[in-house]
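Before any comments, here is the structure.
Residue numbers (the UniProt record's numbering): 1 to 525.
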């Protein structure tokens, strides 16, 4: 049978198919799709904690399906009930409030092995303990952060002739030698001016723009909302501790080379939200933690135990220590109370009612540890002198008032200024010789009920304040310019950072924690 000739329609259809194929080939769509698929497959895997699943015990007895008398067509059984049950039934309340059982609290020490959450309990716990003990045994001597700045900027003479006691109080530590390689990033951009006898350091935005968030510096340490994040005050190992709302405390060894664990170790020594973590530079093997359950525990790495230091029926909202005293704890207990605890005697030495509502933060001045700042939900932040405080005399040196709750009040590294963060969308800067100068800078601090509240912290000098924003970034506020000068952003940030900590000995290293359990570590390029 002879082949039929193509119609005009079929010829036009074949021409269209040929033309479309040539167009697709010219655009190279197939090769681009293959490249995109390969890039998606090689996406970086975020570090995360590994919690061991709860094993359910096997049931040896057979499962019996229960059926009621009604479904079996049998009359109800009133055997064992009193004779007047039917008369009193109508008098019985229809709804009875059920008392929910409280979370179990262990009134005593908990071994680190029992508190560990993970697959390989013995090996992982041993690795963390060994790392902490090695850090604690190092001699914490060397040059201060001020000396680091002097060395970095000595070429231009910016800080070489500057003598400020503001940085000397930050402690001494061995300095990371890698900072010497960062001179080209910040050299010549600092100038010193004397205002009220204090040094004001102004840096250009170019130095801030050099901060980078790398994929390997992103990890999910905990399940749920992070309440506290802290650096270990050492320069040899980059170690971070964080606590969440479920009573977990996680440790992240950023420099760990263990591929199995990713350097993340998870424990659960508490039963409620963690309100404070203390790591004193002179006793880093002893880590204190406080919780809303009214407990303060001491993680002793040498004994491998979470020991109970203090317990009460009230909530502990914050925990702090003086920078020059590792034998005394200051913690906020109940609504407005502050207690001073002597670790050596195991007793409370002082107890004050400082606010009308809960105290959110307790902070001490680095220049004068007797000067203390507290922030409270009653809408005030107060500065106190411990030397003039007694049971019958409670007078503040300065009271800063906000229209809503004040979530934080932190002294600057030089001790000359105080920064407050309030729910009234204001960041307050209080400065001056007697803290008489105050200014309020607008910042959106309304996080809602599902996120941790914002708390602005100082950087490595008095130049900048770092605080999170609702657009998954970190706002940088300049007290001298009284405004936000820039925002740190990165495609690696998938959540809103709420709580921060600046490394005391590594300039430019900033840790931010989210309500999803992630920790972001910003470092200089």
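Glycine residues also receive a C-beta, built at the ideal position from the N, C-alpha and C atoms.
As the structure is a prediction and not an experimental result, all values here were calculated from the model.
Buried or exposed for residue 534, going by 16 or more other Cβ atoms inside 10 Å?
The shown model of the chain, from 1 to 525, leaves out residue 534, and the question about it has no answer.
Identify, in the order they occur along the chain, each residue of the same chain with its Cβ nearer than 6 Å to the Cβ of residue 487, setting aside the five sequence neighbours on each side.
The residues are 473, 475.
I'd like to know whether the C-beta of residue 113 is nearer than 8 Å to at least one C-beta of chain C.
Within the model displayed, chain C is absent; a lone protein chain is all it includes.
Among 296, 368, 301, 276, which residue has its Cα nearest to the Cα of residue 284?
Looking at the Cα atoms, 301 is the closest of the given residues.
On the DSSP letters alone, give me the boundaries of the beta strand (DSSP E) that residue 24 sits inside.
Where residue 24 is concerned, there is no enclosing beta strand (DSSP E), although the alpha helix (DSSP H) it sits in stretches over 8 to 27.
Would you mind giving the Cβ-Cβ distance between residue 110 and residue 306, rounded to the nearest angstrom? I have them listed as a contact below 8 Å.
With a Cβ gap of about 4 Å, residue 110 and residue 306 count as contacting.
What is the residue span of the alpha helix (DSSP H) that residue 130 lies within?
First-last of the alpha helix (DSSP H) with residue 130: 121 to 137.
Considering just the uninterrupted stretch of the alpha helix (DSSP H) at residue 513, what are its terminal residues?
Segment 510 to 514 is the beta strand (DSSP E) holding residue 513; no alpha helix (DSSP H) there.
Which residue from 129, 422, 251 puts its Cα closest to that of residue 238?
For the residues 129, 422, 251, the minimum Cα distance to residue 238 belongs to 251.
Using 10 angstroms around the beta-carbon of residue 153, count the other beta-carbons present and answer buried if the total reaches 16, otherwise exposed.
Only weak support is given to the placement of residue 153: the predicted model assigns it a pLDDT of 39, under 50, and the question is left unresolved by the model.
Classify residue 22 as buried or exposed, calling it buried when 16 or more other Cβ atoms lie within 10 Å of its own Cβ.
Answer is exposed; the Cβ neighbour count stays below 16.
Please name the residue, chosen from 265, 271, 276, that lies closest to residue 527 on a Cα-to-Cα basis.
Residue 527 lies beyond the range of the chain shown here (1 to 525); nothing can be said about it.
So, are the CB atoms of residue 249 and residue 289 less than 8 Å apart?
Yes. Within cutoff.
In this structure, what does DSSP give as the bridge partners for residue 398?
Paired residue(s): 383.
So, at 6 Å on beta carbons, what are the nonlocal neighbours of residue 479 in its own chain, with the 5 sequence-adjacent residues on each side left out?
Here the set comprises 429.
Please list the terminal residues of the continuous beta strand (DSSP E) segment that includes residue 353.
Residue 353 -> beta strand (DSSP E) spans 347 to 353.
Relative to the C-alpha of residue 502, which candidate in 115, 490, 286, 240 has its C-alpha closest?
Answer by Cα proximity: 240.
Considering only residues of the same chain and omitting the five flanking positions on each side of residue 377, which have a CB-CB separation below 7 Å?
Result list for residue 377: 357, 358, 360, 405, in chain order.
Nearest-angstrom Cα distance between residue 526 and residue 373?
What the structure shows of the chain is the stretch from 1 to 525, and residue 526 is not part of that stretch, so it cannot be assessed.
By Cβ distance, which residues of its chain are closer than 8 Å to residue 368, with the 5 residues on each side in sequence left out?
415, listed in sequence order.
For residue 135, which residues of its own chain have a beta-carbon under 6 Å away from its beta-carbon, when the five flanking residues on both sides are left out?
234, 237, 284, listed in sequence order.
For residue 438 and residue 409, which I take to be in contact (beta-carbon distance under 8 Å), what is that distance rounded to the nearest angstrom?
The pair is not a contact, with the Cβ atoms about 12 Å apart (cut-off 8 Å).
May I ask which residues mark the beginning and end of the beta strand (DSSP E) holding residue 241?
First-last of the beta strand (DSSP E) with residue 241: 239 to 244.
Output needed for residue 24: all residues of its chain with C-beta closer than 7 Å, excluding positions within five of it in sequence on either side, in chain order.
Around residue 24: no qualifying Cβ.
Hey, which unbroken runs of the beta strand (DSSP E) at 3 residues or more fall wholly within the region 293 to 348?
You should have 295 to 300, 305 to 311, 316 to 320, 328 to 333, 337 to 342.
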